[in-house]
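One rule links them: number in this note's numbering = place in the sequence shown (from 1) + 862. Since the structure comes first, as structure tokens, the remarks are kept for the end.
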Amino acid sequence: MARIRTVKPELAAHEGMFDLEQETGLPLRFAWVMLFTVADREGRFVWRPRTIKAQTLPHDAVDFSRVLDAWLTRGFVVKYRVGGEWFGLIPTFTKHQVINNREATSDLPGIEDADEVIGKSDNDLDASGTRQARDDDACGTREVHAQAEGRKGREGERKEGREDQSSLRSDLSAPLALTPPADLQTRKAERTRQIAEEAQQAFNEVLAKPNGLLSQCTVLNKHRLKAVEKALPTARQVCKQLYGAEKVTPQFWRVFFEEVEKDDFCAGRGPYGGQHANWRPDFEYLLREEVMARIIDRGMTEAAA
């Protein structure tokens, strides 16, 4: 769905986008403006070149996958995967767009939930044509301060502008980063821990003593967090299919462990023989891919209904 967006005049003179356009022979500047209308209020879009081409350049004989790849290799966009779907993000989008409050909230998963990230969003490649952030401050303090700085301030601005252009040219030739920058890794780790805490709570309430037979999961150490992280693709797929949710919900873990409780072996009732007589399933064991698949295939469809 097309949306009304803001375009700054400086985009016409953006050297980085112009150089890339000359290099590829693609209509990148106009396509960039139209990509704004495809992106949601967070600057996210589904990475489907043919669909985006139909929405942005319907009359042009252009392979839009080449357009997206050109932006990707220069850091203007980031590509990330959540489950089996690929998405794109304009890193500087929220910095320059003034979104109508009536616009619906984003229903696309964020990059912090990504299973894989391709691109470099840690470089400030600002394709709006200006390096200034959106100014929400209506007071005149900045203007008075700038006048007081006089010639020195203007010379500093020109020097900064030259440094910015030099940095931009350097960034354009930089190699493609294949791992998320530190801030994205931090947000992803925080989101994984939040999901792990939701899973831990459901496990303890449904399966652990005194109501159940399994030992409490009291500490979310690195091994348990890793087990949750490995379980996320399966959990997301089930949430999307059964609940229409793009993210893993606390409801999923509750239903999942309730289904586990119906399984004698996984719930701690056995039988366990030989050298494993005293063994019982634990939190990590139940999040193994093969165990989750068996529990989900056998009962979660009926439980969700």
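The beta carbon of each residue, even a glycine, is placed where N, CA and C say it ideally should be.
- Item | Assigned exposure category for residue 1050 - 16 Cβ within 10 Å defines buried | buried
- Sequence-distant residues of its chain with Cβ nearer than 7 Å to residue 1060 (five each side left out): 1112, 1115
- Query: Would you report the Cα separation of residue 1085 and residue 1056, rounded to the nearest angstrom?
  - Reply: 15 Å
- Beta carbon of residue 882, beta carbon of residue 873: below 8 Å? no
- Message: Could you give the first and the last residue of the continuous alpha helix (DSSP H) run that contains residue 1151?
- Response: 1151 to 1157
- Task: Reducing DSSP to helix, strand and coil, say where residue 948 ends up.
- Result: strand
- Would you mind reading off the limits of the alpha helix (DSSP H) that contains residue 1121? 1112 to 1123
- Message: Counting beta carbon pairs with one atom in the stretch 888 to 904 and one in the stretch 950 to 957, are three or more of them shorter than 8 Å?
- Response: yes
- May I have the straight-line CA-CA distance separating residue 969 from residue 958, to the nearest angstrom? 21 Å
- Validate contact between the stretch 1141 to 1152 and the stretch 1075 to 1095 using beta carbons, cut 8 Å, 3 pairs: yes
- Task: Let me know the secondary structure DSSP gives residue 942 once reduced to three states.
- Result: strand
- Spell out the partners DSSP gives residue 1068 in its beta bridges. The partner list for residue 1068 (beta bridge, DSSP) is empty, contrary to what the question assumes.
- Item | Candidates 1071, 1098, 1067, 1054: closest to residue 1087 by CA position | 1054
- Task: Along the beta strand (DSSP E) that carries residue 906, what are the first and last residues, could you check?
- Result: 906 to 908
- Task: Please go through the stretch 1079 to 1111 and give each complete alpha helix (DSSP H) segment of 4 or more residues, from N-terminal end onward.
- Result: 1084 to 1100
- Message: Check this for me: beta carbons of residue 980 and residue 1046, under 8 Å apart or not?
- Response: no
- Is the CB-CB distance between residue 955 and residue 878 below 8 Å? no
- Spatial neighbours of residue 869 in its chain, beta-carbon cut-off 6 Å, leaving aside the 5 residues before and after: 895
- Message: Tell me the rounded alpha-carbon separation between residue 919 and residue 964.
- Response: 27 Å
- Task: Consult DSSP for residue 866 and reduce its assignment to one of helix, strand or coil.
- Result: coil
- Message: Can you confirm whether the stretch 1092 to 1105 touches the stretch 933 to 948 when touching is taken to mean that 3 or more C-beta pairs between the two stretches lie within less than 8 Å?
- Response: yes
- Candidates 1110, 1133, 1129, 1124, of which the one nearest residue 975 by Cα: 1110
- Does DSSP classify residue 965 as helix, strand or coil? coil
- Taking residue 1192 and residue 936 to be in contact with their CB atoms under 8 Å, please state how far apart those CB atoms are, rounded to whole angstroms. With the chain running from 863 to 1167 in the structure shown, residue 1192 is simply not present.
- Beta carbon of residue 923, beta carbon of residue 886: below 8 Å? no
- Task: State buried or exposed for residue 1069, treating a residue as buried only when at least 16 other CB atoms are found within 10 Å of its CB.
- Result: buried
- Query: Which partner residues of residue 978 appear in the DSSP bridge assignment?
  - Reply: 943
- Item | residue 893 versus residue 875 - alpha carbon distance | 15 Å
- Query: If we count the other Cβ atoms within 10 Å of its Cβ and call it buried at 16 or more, is residue 1155 buried or exposed?
  - Reply: exposed
- Task: Could you tell me how far apart the beta carbons of residue 1158 and residue 1100 are, in whole angstroms, since I believe they sit closer than 8 Å?
- Result: 6 Å
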